[in-house]
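All remarks here apply to the structure that follows.
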Amino acid sequence: IAVWSSLTGTWVIDVVDSSGDVGRHSSLCIANPGVLAVAYQDATAGAVKYAWSGDTGWEIEVVDDDQGWLGEYVSLAFGWDNEPSVGYYDSVNQDLKYAHHDSAGWVVVSVDSGGNVGSHASLTFDAYGNPAISYYDGAYDDVKVAILSGSEWNIQTVDPYPWAGRFSSLAFDNTSSPA
Numbered sequence: 111i112a113v114w115s116s117l118t119g120t121w122v123i124d125v126v127d128s129s130g131d132v133g134r135h136s137s138l139c140i141a142n143p144g145v146l147a148v149a150y151q152d153a154t155a156g157a158v159k160y161a162w163s164g165d166t167g168w169e170i171e172v173v174d175d176d177q178g179w180l181g182e183y184v185s186l187a188f189g190w191d192n193e194p195s196v197g198y199y200d201s202v203n204q205d206l207k208y209a210h211h212d213s214a215g216w217v218v219v220s221v222d223s224g225g226n227v228g229s230h231a232s233l234t235f236d237a238y239g240n241p242a243i244s245y246y247d248g249a250y251d252d253v254k255v256a257i258l259s260g261s262e263w264n265i266q267t268v269d270p271y272p273w274a275g276r277f278s279s280l281a282f283d284n285t286s287s288p289a
């Protein structure tokens with residue numbers, strides 16, 4: 111991670127994880143004032159990892175390592191509970207996955223498993239605290255948005271134009287309308 115130091119006028123580089131081929135598809139957030147957090151792919155282990163800057167250095171947790179090659183297109187965001195959530199692509203099953211951290215640890219669910227879906231994920235939260243993910247549907251070559259409503263994911267096709275969903279980014283305006 112590189113952080114700009116206004117005191118020295120330089121970038122300060124800090125190694126988060128050096129346990130193999132790590133750091134691909136990284137997504138950086140500020141959890142609390144002064145606490146950096148990053149979710150990323152560990153290509154060596156085929157896992158999704160989450161790290162945050164603790165009192166004694168970087169703390170690292172495995173989010174998901176169930177299937178083998180996980181963690182492409184990782185997107186990290188913090189909800190109203192100030193707990194981390196991660197949206198990402200499961201390359202083995204070709205699914206969009208969502209993981210949320212709570213008091214028991216990481217809870218992982220498949221959001222969309224309609225055949226080669228979930229790459230290019232962009233995770234955010236709406237004005238009501240619901241997680242929402244935009245992503246590419248490779249089976250139909252379009253962009254979709256999934257929003258958690260209660261216990262169900264509401265999935266909508268946004269644009270069926272070919273290649274429209276690659277490199278999407280999702281945000282909500284002040285009326286909680288997605289853009």
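Per this note's numbering, the very first residue in the sequence shown carries number 111; after that it's consecutive.
Note that CB positions come from ideal geometry on N, CA and C, so glycine has one too.
Keep in mind that this is a model prediction, so the values were computed, not measured.
Practice task
Would you mind sorting residue 98 into buried or exposed? The rule is 16 or more other CB atoms within 10 Å of its CB.
Solution key: A question about residue 98 goes unanswered here, because the residues of the chain that appear run from 111 up to 289.
Practice task
Could you tell me which residues DSSP puts in a beta bridge with residue 199?
Solution key: Counting from one through the sequence shown, the residue named residue 199 turns up at place 89. DSSP, once it has assigned bridges, lists 182 and 206 as partnering residue 199.
Exercise for the section: May I have the straight-line CA-CA distance separating residue 161 from residue 195, to the nearest angstrom? Expected result: Residue 161 sits at position 51 when you count from the first residue of the sequence shown. Residue 195 sits at position 85 when you count from the first residue of the sequence shown. Taking the straight line joining both Cα atoms gives about 12 Å.
Handout entry: Top-ranked residue by Cα proximity to residue 154, from 165, 288, 221 and 127
Key = Here the question's residue 154 lines up with position 44 in the sequence shown. Looking from the CA of residue 154, the closest CA among 165, 288, 221 and 127 belongs to 127.
Handout entry: For residue 240, three-class secondary structure by DSSP
Key = The residue given as residue 240 occupies position 130 in the sequence shown. In this structure, residue 240 counts as coil in the three-state DSSP scheme.
Exercise for the section: Compare the beta carbon distance of residue 232 and residue 280 with 7 Å and say whether it is the shorter of the two. Expected result: Reading the sequence shown from its first residue, position 122 is the one you call residue 232. Reading the sequence shown from its first residue, position 170 is the one you call residue 280. The answer is yes: Cβ separation under 7 Å.
Handout entry: For residue 224 and residue 252, the rounded distance between their alpha carbons
Key = For the purposes of this step, residue 252 is taken as the residue at position 142 of the sequence shown. For the purposes of this step, residue 224 is taken as the residue at position 114 of the sequence shown. Each residue's Cα considered, the two are about 13 Å apart.
Handout entry: residue 213 classed as buried or exposed, judged by whether at least 16 other C-beta atoms fall within 10 angstroms
Key = Residue 213 sits at position 103 when you count from the first residue of the sequence shown. Taking all protein chains shown into account, residue 213 has fewer than 16 neighbouring C-beta atoms within 10 Å of its C-beta and is therefore exposed.
Exercise for the section: Output the residue ranges of the beta strand (DSSP E) runs that lie fully inside the stretch 213-240 and measure 3 residues or longer, sorted by chain position. Expected result: If we require 3 residues or more, the beta strand (DSSP E) runs fully inside the stretch 213-240 come out as 215-222 and 227-235.
Problem - residue 167 versus residue 113 - alpha carbon distance - result: For the purposes of this step, residue 167 is taken as the residue at position 57 of the sequence shown. For the purposes of this step, residue 113 is taken as the residue at position 3 of the sequence shown. Residue 167 and residue 113: Cα-Cα distance of roughly 15 Å.
Exercise for the section: Could you tell me the distance, in whole angstroms, from the CA atom of residue 287 to the CA atom of residue 236? Expected result: Counting from 1 along the sequence shown, the entry for residue 287 is found at position 177. Counting from 1 along the sequence shown, the entry for residue 236 is found at position 126. Approximately 8 Å, taken between the alpha carbons.
Practice task
Out of 276, 130 and 165, point me to the one whose CA is closest to residue 145's CA.
Solution key: As a working note, residue 145 is residue 35 in the sequence shown. Out of 276, 130 and 165, 165 has the C-alpha closest to the C-alpha of residue 145.
Practice task
Please report how far the alpha carbon of residue 175 lies from the alpha carbon of residue 193, in whole angstroms.
Solution key: By 1-based counting over the sequence shown, the position of residue 175 is 65. By 1-based counting over the sequence shown, the position of residue 193 is 83. If you take the alpha carbons of residue 175 and residue 193, they lie about 20 Å apart.
Handout entry: Top-ranked residue by Cα proximity to residue 246, from 222, 132, 238 and 261
Key = Indexing the sequence shown from 1 puts residue 246 at position 136. If we check each option's Cα against that of residue 246, 222 comes out closest.
Problem - Option in 178, 264, 131 and 207 with minimal Cα separation from residue 186 - result: Looking up residue 186 in the sequence shown gives position 76. The shortest Cα separation from residue 186 among 178, 264, 131 and 207 belongs to 207.
Handout entry: Residues near residue 171 by beta carbon distance below 6 Å, same chain, minus five either side
Key = The residue you call residue 171 lines up with position 61 of the sequence shown. 160, listed in sequence order.
Exercise for the section: Indicate the three-state DSSP secondary structure (helix, strand or coil) for residue 119 in the structure shown. Expected result: For the purposes of this step, residue 119 is taken as residue 9 along the sequence shown, with counting starting at 1. It is coil, neither helix nor strand.
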